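K.L.:
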Amino acid sequence: MAARPAVHRASGCEETVTVTRQVVSGPSRRLDFDAMQENSSVSSVGSSAAAGGALRVALIDTDSGFLHVLGKRFERAGWQQRVLASPVPVEDLVAMRLSALVVDVGVLGAQAWEYLEKVAARMPGLGIIVCTGQSSVAQRVRGLRLGADDWVGKPCHPEELMARIEAVVRRRRRVEPQEDRGPRVSGELEIRGDQFQAFVAGQSAELTKREFELIDLLARAEGRVLEREEIYQRVWGYAMARGDRSVDVFVRKLRQKLDKASPGWRYIHTHFGVGYRFAPEPVEPLPVAEPDRRVRPASAVAEQAGDELAELEPALTERAAS
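By the count of our numbering, the sequence shown reaches residue 322 at its end, each step adding exactly one.
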C-alpha cells in the first residue's frame, strides 16, 4: 500500500508547520485524512473528558500559522488557551491555573533553561511540553531533566500535540495522590503536599518538582522498599529504559538537600540492586575523643623544656654574638 502525502503548510515566525492532509491509497482501500478530521472535535472532547475535563493550556510561541490551526483544534475540544508571545513571570502562570504549558524554547532565548527549571520548581503540578524546531539530543535530555514532561519536534501535527498534552496531564494526575494533601511530619521534615515542598523548622528545603515528587512518593510508602523501576514509572510517568540512572541521580540530589536542611536525621536508605526506602532515623553523633588527662611529672616537663632550649641555644648564641 503506497502513501501519497499532500501537505498544506502554515508558516509562522520561525518554523514551517505541517498542518493537515495525507491520503493513503491501495488496491482495496482509500483513507482520506481530511475526512477523518471532520470528526476530530468528537475524539478530542472525549479524550479531554477522560483526562479530567476541559484543559487550560498556555502556549509560549510566536508561530502564528501553527497557533491559528492549533487554536481551532483547542476550541473544538472545548479547551481554554492563552497565547504568550514571550515568557511571563512564573507568578502570572500560577494565576492562570493551568493544566499544561506548551513552550517553544526558541522564544525563551538565552534564559530558556533557567526559565524551564524555575517554572517546574514553582509549579510541580503543571504539565510542561516543549514544542520547538530542530534540537540536539543533549538539548532534549537537558530540557527533560530540568522538568519538561515531553519534547515534541516541529513540524508536528496538532492532533499529535494535543494527544501528548492529554497524556502528560493524565500522568500528572496519576502521580498526584487523591488523599488528603495536608502536611505530614517525618523526623524533622514537614512534607506539605499543598505547597509541593518540604520544610525543616519552617525553612524550605528548596526542592524542585521532581525532587518533591520523589520524596512525597517515598514518604507515602514509609518503611517499604520501592524498586527503581516503580519509582521511575510513578514519578516520570513511563517505563524506565535499561541503564537509566535518573532515579539514582535525583535521590543523590535530594539527599544532599535533606542533609543540609536536617543534618541530624537520615531519611532515605539505599537497598543495593533493588531501590530505596524512606525511614527517618536520627544520626548518631560521632564519639568525642577523650582528652589525655594523665598528669605528667614535673621532672618530665622540665626535661622536655630543657631539650627544646638546648636545640635553640646555638642559634641564640650566634645572634647575640652578631
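In this text, a Cβ means the ideal position worked out from N, Cα and C, and glycines have one as well.
All values derive from a computational prediction rather than experimental measurement.
So L207 packs on G275, CB below 8 angstroms; how close in whole Å?
P.N.:
That pair is no contact at about 20 angstroms.
K.L.:
State the Cα-Cα distance for the pair I191 and Q197, rounded to the nearest angstrom.
P.N.:
For I191 and Q197, the distance between alpha carbons rounds to 6 angstroms.
K.L.:
For the pair the segment 147 to 163 and the segment 246 to 258, tell me if three or more CB-CB distances fall below 8 angstroms.
P.N.:
no
K.L.:
Taking the alpha carbon of F272 as the point to measure from, which residue in A148, I215, R228 and V119 has its own alpha carbon closest?
P.N.:
When each option's Cα is compared against that of F272, the closest is R228.
K.L.:
In angstroms with no decimal places, state the Cα-to-Cα distance between H68 and R97.
P.N.:
23 angstroms
K.L.:
Please report the straight-line C-alpha distance between S135 and G264, rounded to a whole angstrom.
P.N.:
44 angstroms
K.L.:
Rounding to the nearest angstrom, what Cα-Cα distance links A163 and A100 in this structure?
P.N.:
12 angstroms
K.L.:
So the candidates are Q203, I128 and H269; which of them puts its Cα closest to the Cα of V169?
P.N.:
I128
K.L.:
Measuring CB to CB, does G65 end up less than 9 angstroms from Q81?
P.N.:
With a cutoff of 9 angstroms on beta-carbon distance, G65 and Q81 are scored as not near each other.
K.L.:
For R76 and W113, which I take to be in contact (beta-carbon distance under 8 angstroms), what is that distance rounded to the nearest angstrom?
P.N.:
Between W113 and R76 the Cβ distance is about 34 angstroms, and since that is not below 8 angstroms, they are no contact.
K.L.:
For H269, which of E160, L161 and G223 has the nearest alpha-carbon?
P.N.:
G223
K.L.:
Measure the C-alpha to C-alpha separation of A95 and K257 and round it to an integer number of angstroms.
P.N.:
29 angstroms
K.L.:
With DSSP run on the structure shown, which of helix, strand or coil describes H271?
P.N.:
strand
K.L.:
From T62 to V130, what distance separates their C-alpha atoms?
P.N.:
14 angstroms
K.L.:
Suppose you measure from the CA of R140 to the CA of R184; what does that come to, to the nearest Å?
P.N.:
Computed Cα separation, rounded: 35 angstroms.
K.L.:
Helix, strand or coil for P87, going by three-state DSSP, please let me know.
P.N.:
coil
K.L.:
To the nearest angstrom, how far is the alpha carbon of L217 from that of E284?
P.N.:
26 angstroms
K.L.:
Once the 5 residues before and after G147 are set aside, which same chain residues still bring their CB inside 8 angstroms of it?
P.N.:
L116, E117, V119, A120, A121, I128, T208, K209 and R210
K.L.:
Identify every run of the alpha helix (DSSP H) within the segment 187 to 250, keeping only runs that are complete inside it and at least 4 residues long; order them along the chain.
P.N.:
209 to 220 and 228 to 236
K.L.:
Out of curiosity, what's the CA-to-CA distance linking L126 and R172?
P.N.:
8 angstroms
K.L.:
Note down the Cα distance separating A241 from G193, rounded to an integer number of angstroms.
P.N.:
The alpha-carbon atoms of A241 and G193 are separated by roughly 29 angstroms.
K.L.:
Pick out whichever of R245, L254 and A221 has its Cα sitting closest to the Cα of F278.
P.N.:
Measuring from the Cα of F278, the nearest candidate turns out to be A221.
K.L.:
Using the C-alpha atoms, what's the distance from F212 back to G109?
P.N.:
28 angstroms
K.L.:
Buried or exposed, going by whether 16 or more other CB atoms sit within 10 Å of the CB of E281?
P.N.:
exposed
K.L.:
Answer with buried or exposed for R245, where buried requires no fewer than 16 other C-beta atoms within 10 angstroms of its C-beta.
P.N.:
Exposed: under 16 other Cβ atoms inside 10 Å.
K.L.:
With L55 and W79 assumed to form a contact (beta carbons below 8 angstroms), what rounded beta-carbon distance in angstroms separates them?
P.N.:
5 angstroms
K.L.:
Whose C-alpha, out of E91, I215, L161 and G106, is nearest the C-alpha of L254?
P.N.:
I215
K.L.:
Go through its chain and collect everything with a Cβ distance to Y232's Cβ below 6 angstroms, but skip five positions before and after it.
P.N.:
M240 and V247
K.L.:
Determine the contact status of E188 and S262, defining contact as a CB-CB distance below 9 angstroms.
P.N.:
yes
K.L.:
Just checking my contact of V107 with V57 at CB under 8 angstroms: how many whole Å lie between their CB atoms?
P.N.:
Rounded to whole angstroms, the Cβ separation of V107 and V57 is 16 angstroms, and the two are not in contact under 8 angstroms.
K.L.:
Determine the extent of the alpha helix (DSSP H) in which G264 is found, giving its start and end residues.
P.N.:
Note, G264: premise wrong, no alpha helix (DSSP H); not H, not E.
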